[in-house]
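Under the UniProt record's numbering, think of the first position of the sequence shown as 1, with each following residue one higher.
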Amino acid sequence: MNPTNTSTTAFSRTKTIIRNLPIRDLLGNRAQYLSICVPLYNASINGDWEAAQAILDKHQYLDLVGFAISENYDTALHIAASAKSSKQIEKFVQNLVNKMTREQLELKNDNDNTAFCLAAAGGNVKTVMIMLEKNGNLGDITGSNGMMPLYMASLFGKHEMVNYLYDKSKEMYGDCWTDKNRSWVLQKCVEADQYDIALRIVSRWPLLAKSGILLGVLARKPDAFKGVKPHFIWRIICPILALIHVKVGPSEKETDAMELLKIIWSEIVKLSKDEINSIIRGPADIPTNNGKEKEDVEQLLGSILENVTKMPNRIHNLWSRKPVDHEAKNVNQKFSSRVLFVAAEMGNTEFLVELIRQYPDLIWKKNDNEQTIFHVAISHRHEGIYNLLHEIGSMKDMITPLKDLKGNNMLHLVGKCAKKKRLQVISGVALQMQRELLWFKEVEGMIPPSYRERKNNDGLTPHELFSKEHKDLLSSGEKWMKETASQSMVVAALISTIVFAAAFTIPGGYNQNTGVPMFFQKRSFIVFVISDAISLTFSSVSLLIFLSILTSRYAEDDFLELLPKRLMRGLTTLFFSIAAMMVAFSVSFFVLYHNNLIWIPIVISAIASVPVFLYARLQYDLLGDVYNSTYTSKNLFKPEKLKIYYQNPKH
């Protein structure tokens, strides 16, 4: 029948509950299992109420709604609650619940989950509503590992379900709720980007805002703080209105994540310095077994020395003392999950700005490698965080010279090749090399001149380290640039050949007596000649530019401006040569066909425009990337506005 045992919940208050499993009798009889359980299971998962009702009516004496129909001891309601939400499933659940008692709705499967828990985890709001109408206590009954249904919904990121159950739980108020399970729900809401619900929770339960765990979760979510920019027309109007001193609204709407961060941080900064440092530092890393392995090796070596060799007493005494490994004893704990530096690695600029505004001394904090957030930002190429150095005045002159445990200053760190993930943001290996050079030149101008030639613990200056680390990238960039130039040269040479020949095989030919073109008086013929000449000129220029790229010396500094500019000019002139060639081709038909046949050149012109637009579309991304990387990238390290110490418009 219904076996019971006791268990203690993990997230609710410590109390003894009855594990209420459905009746198992059918599972022991294979004939009944195959004739009843399997068909009912299929009907439940498909929402086939007619098939299910036929089975239930046929075996009314068994009261099948309370029986387990799977080896996991799921009832028909468990199966339906787990199915994909649909109108058919909702109708099935409604009919099934009407046949069940309140107690049967509380039946659990072998994983300790009620059907309500499964529906909550699956996000089936209508199914949950149907069950709650019959039994309003289902939201307070824990499931597997003592998890509340609301927690399950937040765990699986079911926003609509979380919102509904939070209201039904009376904002997590009642005997079944503790600060512990409330904090778990809050954490999962933040992890699932459900910041609107998280705001409701911290507003109702302010003490939960002092959690360092939430701060750690938000530190890893830079995208959550990027507000939705207003329409581009409004972005144009705002600066104009500002010039005539007309008050305008904020350029970007503050996100729910930022509002949540402000609430959390405002509560944390009220704590003592030690408590704040503990929260920012995060939990210590779990130590490895290196010490145990070292001890085993020492014991083995001692046994060998003791039994295989005959040592003088003096040497034996020295070995027996086993000097204390002071380095191991005094080793500091490692804290790789420090909130500040996790945010710096992720490029979470807005997060750090908000923390520094209320706690300016955070700019001096160092990680286990003796690096500040600015050192970490440089290592991971996050210009937004690096640009904050421009806002701290002369204090930057005390931060930029700082060295880490390996003797690396900021210029050494930018000398190391960026992570592959950061490099892939830029298209084209040559442009990636250009971005690395831009970073090096920027940081070189930031640090004191005397530190530009300082050596690290490996005996390398920043420039030597840069050359060593970027050797492969430089080689790949040279290969990419040459391949691009070579392929473009083929096209340019082909166009030059075609338009050169077209200049002497003009439409209509020449007058045999005078040698003058037959249609030289027509405007369309003049357009043809000019277009052909333009195409020949641009293709020739493009050819020479790509040739200069192939014969370049490919030094490091060439990738900064020389090579990208040549590539951009070569691609641009090649585009104009193609466009002019197609114009000449189209106009030649206007020269030959006129009056009633004018539709022929019009159709041909439309078709001829396809290659021009196709080239423009295919090469636009590359050309745009080269332009942005060469010209726009210079503004990466020139912030348009202050972020930390911005001017308050009210003052």
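The C-beta atom is built at its ideal place from N, Cα and C for all residues, glycine as well. These numbers were taken from a predicted model, which means no experiment stands behind them.
Can you tell me the Cα-Cα spacing of residue i and residue j, whole angstroms?
i      : j      : result
Lys416 : Ala377 : 13 Å
Lys638 : Val429 : 24 Å
Ala80  : Glu259 : 39 Å
Asp256 : Gly282 : 24 Å
Asp48  : Tyr620 : 55 Å
Asn95  : Gln53  : 9 Å
Ile279 : Lys365 : 13 Å
Tyr123 : Ala153 : The displayed chain sequence assigns Gly, not Tyr, to residue 123. If you take the alpha carbons of Gly123 and Ala153, they lie about 7 Å apart.
Ile89  : Ile201 : 32 Å
Lys108 : Phe225 : 41 Å
Leu34  : Asp175 : 43 Å
Thr8   : Asn29  : Only weak support is given to the placement of Thr8: the predicted model assigns it a pLDDT of 37, under 50, and the value that follows is read from those uncertain coordinates. Straight-line Cα distance between these residues: approximately 33 Å.
Asn181 : Asp558 : 59 Å
Asp167 : Thr127 : 16 Å
Val610 : Leu413 : 48 Å
Ser85  : His159 : 15 Å
Ala119 : Ser467 : 59 Å
Thr573 : Val541 : 7 Å
Ile130 : Glu370 : 58 Å
Leu423 : Val125 : 44 Å
Asn192 : Tyr73  : Looking at the sequence provided, one finds Ala at residue 192 rather than Asn. Approximately 31 Å between the Cα atoms of the pair.
Lys420 : Ser475 : 16 Å
Val587 : Val527 : 7 Å
Arg204 : Glu171 : 7 Å
Ser591 : Ser496 : In the sequence as presented, Ser is not what sits at residue 591; that position holds Val. When rounded, the distance between both Cα atoms is 22 Å.
Trp480 : His390 : 35 Å
Glu469 : Ile363 : 28 Å
Skipping 5 residues on each side, what residues in its chain have a beta carbon closer than 8 Å to that of residue i?
i      : result
Gln187 : Ser211, Ile213, Leu214, Val217
Glu354 : Met258, Leu261, Lys262, Trp265
Thr630 : Gln434, Glu561, Pro564, Lys565, Met568
Leu271 : Lys210, Ile279
Asp397 : Pro448
Leu105 : Leu77, Val97, Thr114, Ala115, Phe116, Met131, Lys134, Asn135, Leu138
Arg314 : At Arg314, the pLDDT of 45 sits below 50, so the modelled position is not reliable and the matter cannot be decided from this model.
Once you ignore the five residues that flank residue i on each side, which residues in its own chain have a CB closer than 6 Å to its CB?
i      : result
Thr349 : Gly384, Ile385
Glu453 : Thr461
Val308 : A caution first: Val308 carries a pLDDT of 41, below 50, which makes its placement in the model unreliable, though a value can still be read off. There are no such residues.
Ile426 : Gln432, Arg435
Leu64  : Leu56
Ala121 : Met152, Phe156
His380 : Glu345
Leu623 : Leu571
Ala418 : Arg381
Leu642 : Glu391
Under 7 Å: does the beta carbon of residue i sit that close to some heavy atom of the ligand MG?
i      : result
Ser394 : Absence of the ligand MG from the depicted structure is noted, as is the absence of any ligand whatsoever, leaving it without description.
Determine, using beta carbons only, whether residue i and residue j come nearer to each other than 8 Å.
i      : j      : result
Phe351 : Ile373 : no
Met433 : Gly393 : no
Phe67  : Pro39  : no
Ser535 : Ala584 : yes
Pro149 : Cys189 : no
Phe613 : Ile600 : no
Leu550 : Ser486 : yes
Ser577 : Phe538 : yes
Ala343 : Ala219 : yes
Glu83  : Ile36  : The question names Glu, yet the displayed sequence has Ala at residue 83. No. Outside cutoff.
Leu165 : Gly139 : yes
Phe575 : Tyr615 : yes
Pro401 : Asn409 : yes
Ala207 : Asp179 : Strictly speaking, residue 207 in this sequence is Leu, with Ala absent from that position. Result yes, Cβ atoms of Leu207 and Asp179 sit closer than 8 Å.
Glu556 : Leu437 : yes
Leu26  : Glu71  : no
Asp532 : Ala493 : no
Which same chain residues end up closer than 7 Å to residue i when comparing Cβ atoms and leaving out the 5 residues on each side of it in sequence?
i      : result
Lys144 : Note on identity: in this sequence residue 144 is Ser, with Lys being the wrong assignment. For Ser144, where only same-chain residues beyond five positions count, the Cβ hits under 7 Å are Asn111, Asp112, Asn113.
Val162 : Leu150, Ala153, Ser154, Cys189, Gln194, Ile197
Per DSSP, residue i is paired with what?
i      : result
Thr114 : Lys108
Ile23  : Phe67
Is any beta-carbon of chain B found at less than 8 Å from that of residue i?
i      : result
Leu214 : You won't find chain B in this structure, because it holds only one protein chain.
Could I get the ranges of all uninterrupted beta strand (DSSP E) runs contained in the segment 342-428, with 3 residues as the minimum, in chain order? none
Would you mind listing the alpha helix (DSSP H) stretches within the segment 45-82 that are 4+ residues and don't spill past its ends, in chain order? 49-58, 76-82
Uninterrupted alpha helix (DSSP H) stretches inside the segment 156-197 (no shorter than 4 residues): 159-168, 179-191
Entirely enclosed alpha helix (DSSP H) segments - the UniProt domain "PGG" (478-591), minimum 4 residues: 523-550
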